[in-house]
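In my numbering, the protein residues as written are 3 to 205.
Virtual Cβ for every residue (Gly too), placed ideally from N, Cα, C.
First up is the structure itself, then whatever we jot down about it.
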Amino acid sequence: MISSYDLQSQLPFFFKSHRISASPEYNWKVVYLARATSAAPTFFPPYHLIKGAEDYALVDGGVFVNNPSMAAYAEARSLYPEASEVVVVSAGTGNRQDSIKFAAANKWGLIGWAKEIVPVLMDSVSEAVDYELKTMLGTNYCRLQVDDLQEASSEMDDVSPENLANLQAVAKRYVRSNSGYLDDLCAKLKEGRGSDMPGTGRV
3 MISSYDLQSQ LPFFFKSHRI SASPEYNWKV VYLARATSAA PTFFPPYHLI KGAEDYALVD
63 GGVFVNNPSM AAYAEARSLY PEASEVVVVS AGTGNRQDSI KFAAANKWGL IGWAKEIVPV
123 LMDSVSEAVD YELKTMLGTN YCRLQVDDLQ EASSEMDDVS PENLANLQAV AKRYVRSNSG
183 YLDDLCAKLK EGRGSDMPGT GRV
């Protein structure tokens, strides 16, 4: 068994771990990757990266794989096809609880939909991946997601001290209320560290 982790704030979609060993030119500085993966369209401009003859305009990988769990699973299977099982842990950033009422959407034109279409597409793709991996992996797929952010704002650009404190409070309550499950999950992941496959196991 091997363990595969992913975070919602994933690295840019083109970045794959096996490319580094096969092609050292992809071994970029973490600061470049962090700048690229934070370049959410409409919030920040693309990150311009030039490496040799390659010229990149990089944006947040969420436009490609907003929930990268399936990509992580596919990568794990590609790297370790002989693995008897793969455990995927997906850490979400909280359910936005967004809903679009017919009365409002019925009146939207191009401009109205333009403001809403990105979160609609990103959320729907993320939920589809969640369903697919639950069906494929069963208990070997673990989605850590706060169902309701409650007093915290779900807006990506709300970095006010008050909202950051609220987000921390929501996260702490989630950990406390799921402490038993998280302990069991950690124990399950620890089992995978005994693998003798390359890239896993104790050093």
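(request) Run the CB neighbour count on C144, radius 10 Å, all protein chains shown included, and call it buried at 16 or more, exposed below. (result) It counts as buried.
(request) Over the uninterrupted alpha helix (DSSP H) stretch that includes E190, give me the two end residues. (result) Rather than Glu, the amino acid found at residue 190 in this sequence is Lys. Under the DSSP assignment, K190 falls in the alpha helix (DSSP H) whose first and last residues are 181-194.
(request) Taking 8 Å as the cut-off, decide whether the C-beta atoms of V91 and L187 are in contact. (result) Cβ distance < 8 Å, so V91 and L187 count as in contact.
(message) To the nearest angstrom, how far is the alpha carbon of G114 from that of A107?
(response) Between the alpha carbons of G114 and A107 lies a gap of roughly 8 Å.
(message) As a quick exercise: from R178, T39, V122, pick the residue whose alpha carbon is nearest that of P47.
(response) For the residues R178, T39, V122, the minimum Cα distance to P47 belongs to T39.
(request) Could you pull out every unbroken alpha helix (DSSP H) segment of at least 4 residues lying fully inside the stretch 39-108, listed in chain order? (result) Counting whole runs of 4 or more residues, the stretch 39-108 contains the alpha helix (DSSP H) stretches 71-81, 104-107.
(request) Determine, using beta-carbon pairs with one atom in the stretch 172-188 and one in the stretch 125-137, whether at least three such pairs fall under 8 Å. (result) At 8 Å Cβ cutoff, the stretches do not touch.
(request) Leaving out five residues on either side along the sequence, give the residues of the same chain with a beta carbon under 6 Å from the beta carbon of K190. (result) Once the five neighbours on either side are set aside, K190 has no close Cβ partner at all.
(message) What does the alpha-carbon distance come out to for the pair L151 and S86?
(response) Pairing L151 with S86, the inter-Cα distance amounts to about 37 Å.
(request) Whole angstroms is fine: what's the gap from M138's alpha carbon to A73's? (result) Each residue's Cα considered, the two are about 14 Å apart.
(request) Between the Cα of Y176 and those of S71, K136, P83, N97, spot the shortest distance and give me the residue it belongs to. (result) Of all alpha-carbon atoms in S71, K136, P83, N97, the one lying nearest the alpha-carbon of Y176 is that of N97.
(request) State the CB to CB distance for the pair G94 and Q147, rounded to an integer number of angstroms; the pair is presumed to be in contact (CB under 8 Å). (result) The C-beta distance from G94 to Q147 rounds to 4 Å, short enough to meet the 8 Å contact threshold.
(request) Whole angstroms is fine: what's the gap from R79's alpha carbon to N29's? (result) Cα atoms of R79 and N29: separation of roughly 22 Å, rounded to the nearest angstrom.
(request) With DSSP as the reference, label L151 as helix, strand or coil. (result) The answer is coil: DSSP assigns L151 none of H, G, I, E or B.
(request) State the Cα-Cα distance for the pair K174 and G63, rounded to the nearest angstrom. (result) Between the C-alpha atoms of K174 and G63 there is a straight-line separation of about 27 Å.
(request) Return yes when the Cβ of F45 is within less than 8 Å of the Cβ of D159, no when it is not. (result) Less than 8 Å separates the beta-carbon of D159 from that of F45.
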